[in-house]
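Taken in sequence, the protein lines are chains S and R. Whatever position you read off the first sequence (first residue = 1), add 45 for the working numbering. Whatever position you read off the second sequence (first residue = 1), add 11 for the working numbering. We treat Cβ as the ideally placed atom computed from N, Cα and C, and that holds for glycine. Below is one structure, written out as structure tokens; comments come after it.
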Amino acid sequence: MFKDITIGQYYPTGSVIHRLDPRTKLLLTFGFIVLLFVARNLWGYLVAAVFITVVVLVSKIPFSYVLRGLKGIIFIICLTMILNVFMTPGEAVAKIGFLTITKEGIAVSVYMAVRLILLVAGTSVMTLATTPMDLTDGMEYGLRLIPGFKRFAHELSMMMSIALRFIPTLMEETDKIIKAQKARGADFESGNLVARAKALVPIMVPLFVSAFRRADELATAMEARCYRGGENRTRMKVLKMTSLDAWAFVVFALFTVVIIAMNHLPLPLPFPFN
Amino acid sequence: MALEIKQLSHIYSKGSPFESVALKDIDAVIETGEFIGLIGHTGSGKSTLIQHLNGILKPTSGTVCIDGKDVFAQKKKDMIALRHAVGLVFQYPEHQLFEETVYKDVAFGPKNLKLDEKTIDRRVRDAVTLVGLPETVLDKSPFSLSGGQMRRVAIAGVVAMEPQILILDEPTAGLDPHGRDEILREIKKLHAEKKMTVILVSHSMEDISRIADRILVLHQGEKVFFDTPAAVFREVETLEKIGLAAPEISYLIKRLRVKYPEIPDDIFTVEDAAAAIDHVLGGGRRV
Numbered sequence: 046m047f048k049d050i051t052i053g054q055y056y057p058t059g060s061v062i063h064r065l066d067p068r069t070k071l072l073l074t075f076g077f078i079v080l081l082f083v084a085r086n087l088w089g090y091l092v093a094a095v096f097i098t099v100v101v102l103v104s105k106i107p108f109s110y111v112l113r114g115l116k117g118i119i120f121i122i123c124l125t126m127i128l129n130v131f132m133t134p135g136e137a138v139a140k141i142g143f144l145t146i147t148k149e150g151i152a153v154s155v156y157m158a159v160r161l162i163l164l165v166a167g168t169s170v171m172t173l174a175t176t177p178m179d180l181t182d183g184m185e186y187g188l189r190l191i192p193g194f195k196r197f198a199h200e201l202s203m204m205m206s207i208a209l210r211f212i213p214t215l216m217e218e219t220d221k222i223i224k225a226q227k228a229r230g231a232d233f234e235s236g237n238l239v240a241r242a243k244a245l246v247p248i249m250v251p252l253f254v255s256a257f258r259r260a261d262e263l264a265t266a267m268e269a270r271c272y273r274g275g276e277n278r279t280r281m282k283v284l285k286m287t288s289l290d291a292w293a294f295v296v297f298a299l300f301t302v303v304i305i306a307m308n309h310l311p312l313p314l315p316f317p318f319n
Numbered sequence: 012m013a014l015e016i017k018q019l020s021h022i023y024s025k026g027s028p029f030e031s032v033a034l035k036d037i038d039a040v041i042e043t044g045e046f047i048g049l050i051g052h053t054g055s056g057k058s059t060l061i062q063h064l065n066g067i068l069k070p071t072s073g074t075v076c077i078d079g080k081d082v083f084a085q086k087k088k089d090m091i092a093l094r095h096a097v098g099l100v101f102q103y104p105e106h107q108l109f110e111e112t113v114y115k116d117v118a119f120g121p122k123n124l125k126l127d128e129k130t131i132d133r134r135v136r137d138a139v140t141l142v143g144l145p146e147t148v149l150d151k152s153p154f155s156l157s158g159g160q161m162r163r164v165a166i167a168g169v170v171a172m173e174p175q176i177l178i179l180d181e182p183t184a185g186l187d188p189h190g191r192d193e194i195l196r197e198i199k200k201l202h203a204e205k206k207m208t209v210i211l212v213s214h215s216m217e218d219i220s221r222i223a224d225r226i227l228v229l230h231q232g233e234k235v236f237f238d239t240p241a242a243v244f245r246e247v248e249t250l251e252k253i254g255l256a257a258p259e260i261s262y263l264i265k266r267l268r269v270k271y272p273e274i275p276d277d278i279f280t281v282e283d284a285a286a287a288i289d290h291v292l293g294g295g296r297r298v
């Protein structure tokens, strides 16, 4: 039931991408998102698509896994495409009733869709290739660099890692509760909206009860061991940049140059992008 | 209702790096009215197996037949009807309670069966009495009860659906010895009074040896034994190799039999052992 969610799901292959420092991966993913908005024409997106394809190939993560993350946003993509096709003013191409399809509309909607797909693909690769622990360590480091955040950086990342840690647990729990209620004849699939919303009560109540119980137990266990985060706490695993990270930055710099160059090169563009 | 498990296999997360085989070609026939003990070490596939029996999990290959009807070849409606014939009590069932009162929670199952108010009322009261709870708990919040009572409420919730086959996944886990004995006694009563076919999952040989007609032993997803307690406990070496053991009392009997070969070898409960020893050594005297 919850097998389609890829965010926060680590896929171990031990590839070069997996071995990169989490800070590098976070920074480069952020850079990749920025570049998606810098790119202005089809050639730029083509380069970005090739780039992300190569990254996925190097990471040895099956494409089907990366694409699974897209399932959740298909609706959003379709909606933005439909809206953009009809709502963008410009040179009219076709007319359906009172709706007008414009050349600019087609171009904008295609750009939007491509941009969203690449965005999700890029971030999915990062979460699939980084363990949640590494990810929060990287985030903690990044947060500390923001002025005023240094004091809370550890607490925030601790909250993040606990939240990430409990996603699979709570999903398992939900799955178990659903099965148990199904065994008692509960029906989650038929009926109207109200009936379906009501059918959720036998799942939500036990789930909340167990989430609170778990949180309480965890807090007690941490207190019992005198947990104090943040100050003067050293790490067992210190994050270390290697030559691998240097190479990643070099490759990404090249990619950046190519993307910007694509904006300025007078390359021919097909209809409707010219 | 006869239950037939045919060549059942289940593989979790097939085609991902987390793939794991949980069940391998399980074959078993369970007759109407039998009391089956399902035993195995942690991760042996017990819980996976029972979830197939009412169609909650779909097998990777093989199938389950109830009264000759293939559970997985049914239309959705018929499958739900079959699901009602098989009552499944999950591990830690008290975690599935959600209603404001015990009465409403126990009534959840019968209500889903679309029964009339009167029948529901009768079934709720019956079920609560059967699991040994006083009627005074009916109006209380299930969350205000003790752990053992909450578990009984949850079991009553399944019993109230009056299934013909009742499956319980470690119903005594996490209970004190007193609570454990009571729950087991009540399950035995259900079996005797309601003529239900019962499948009891446990990893305590002591519990199972007392009440089961036959024992199904699983190890790493494969069937090792499916026979009477006497036959299974004779294979102590194999049982120990797969991380299980015969009931403690049978070790004592085995040692005693070296000196007194007239003691029978099919003794698995403390009561039987006491009687046998009394018979051989005491000759009527108190020992």
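Under the Cβ distance rule, residue 229 of chain S counts among the residues neighbouring chain R, one pair being separated by less than 8 Å. By the criterion of at least three beta-carbon pairs nearer than 8 Å, the stretch 152–172 of chain S is in contact with the stretch 52–72 of chain S. Against chain S, the CB of residue 175 of chain R has no partner CB under 8 Å away; the residue lies outside that interface.
For residue 261 of chain S, the enclosing alpha helix (DSSP H) begins and ends at 246–269. Taking one beta carbon from each stretch, the stretch 213–229 of chain R and the stretch 65–85 of chain R have fewer than 3 pairs nearer than 8 Å; the two do not touch. With a threshold of 16 other beta carbon atoms within 10 Å, residue 171 of chain R meets it and is buried. Proximity of residue 95 of chain R to chain S, defined by a Cβ-Cβ separation below 8 Å, is satisfied. Between residue 137 of chain S and residue 125 of chain S, the gap from beta carbon to beta carbon reaches 8 Å or more.
The Cβ atoms of residue 73 of chain R and residue 17 of chain R sit closer than 8 Å to each other.
Rounded to whole angstroms, residue 259 of chain R and residue 184 of chain R show a C-alpha spacing of 19 Å.
The three-state secondary structure of residue 189 of chain S, taken from DSSP, is helix.
Pairing residue 208 of chain R with residue 54 of chain R gives a Cβ-Cβ distance that is not under 8 Å.
For residue 177 of chain S, the closest C-alpha among the options S/206, S/256, S/86 is that of S/206. What residue 219 of chain R touches in chain S, judged by beta-carbon distance under 8 Å, is nothing: the nearest beta carbon there is about 22 Å away.
At a cut-off of 8 Å between beta-carbon atoms, residue 83 of chain R makes no contact with chain S. Residue 72 of chain R: member of the beta strand (DSSP E) spanning 72–77, first to last residue. Runs of the alpha helix (DSSP H) spanning 4 or more residues and lying entirely within the stretch 53–81 of chain S occur at 61–64, in chain order.
Residue 87 of chain S: not part of any beta strand (DSSP E); member of the alpha helix (DSSP H) spanning 87–104, first to last residue.
Under the Cβ criterion of 8 Å, residue 134 of chain S is not counted among the residues facing chain R. Residue 179 of chain R sits buried, since 16 or more C-beta atoms from the chains shown fall within 10 Å of its C-beta.
Shortest Cα-Cα distance from residue 110 of chain S to any of R/249, R/206, R/27, R/176 involves R/27. Listed along chain S is no residue with a C-beta nearer than 8 Å to that of residue 21 of chain R; the closest approach is about 14 Å. Less than 8 Å divides the Cβ of residue 291 of chain R from the Cβ of residue 274 of chain R. At least 8 Å separates the CB of residue 174 of chain S from every CB of chain R. Going by beta carbons, residue 169 of chain R and residue 98 of chain R fall inside the 8 Å limit.
The residue from S/291, S/69, S/103 with its alpha-carbon nearest to that of residue 58 of chain S is S/103.
By alpha-carbon distance to residue 225 of chain R, the top candidate from R/231, R/167, R/233, R/238 is R/238. One Cα belongs to residue 131 of chain R, the other to residue 194 of chain S, and the distance between them is close to 59 Å. Within chain S, 228, 229 have C-beta atoms less than 8 Å from the C-beta of residue 169 of chain R, given in sequence order. Excluding residues up to 5 positions away in sequence, nothing lies with its Cβ nearer than 6 Å to the Cβ of residue 269 of chain S in the same chain. Contact check for residue 182 of chain S against residue 284 of chain S passes: the beta carbons are separated by less than 8 Å.
For the stretch 114–146 of chain R, the set of positions with a beta-carbon nearer than 7 Å to some beta-carbon of chain S reads 119, 120, 123, 124 in chain order.
Per DSSP, residue 253 of chain R lies in no beta strand (DSSP E) segment and is marked neither H nor E.
Following the DSSP letters along the chain, one finds residue 262 of chain R in no beta strand (DSSP E) but inside the alpha helix (DSSP H) bounded by residues 259–270.
In its chain, beyond the 5 residues on either side, 93, 160, 163, 164 have a beta carbon closer than 7 Å to the beta carbon of residue 81 of chain S. Between the alpha carbons of residue 35 of chain R and residue 58 of chain R lies a gap of roughly 14 Å.
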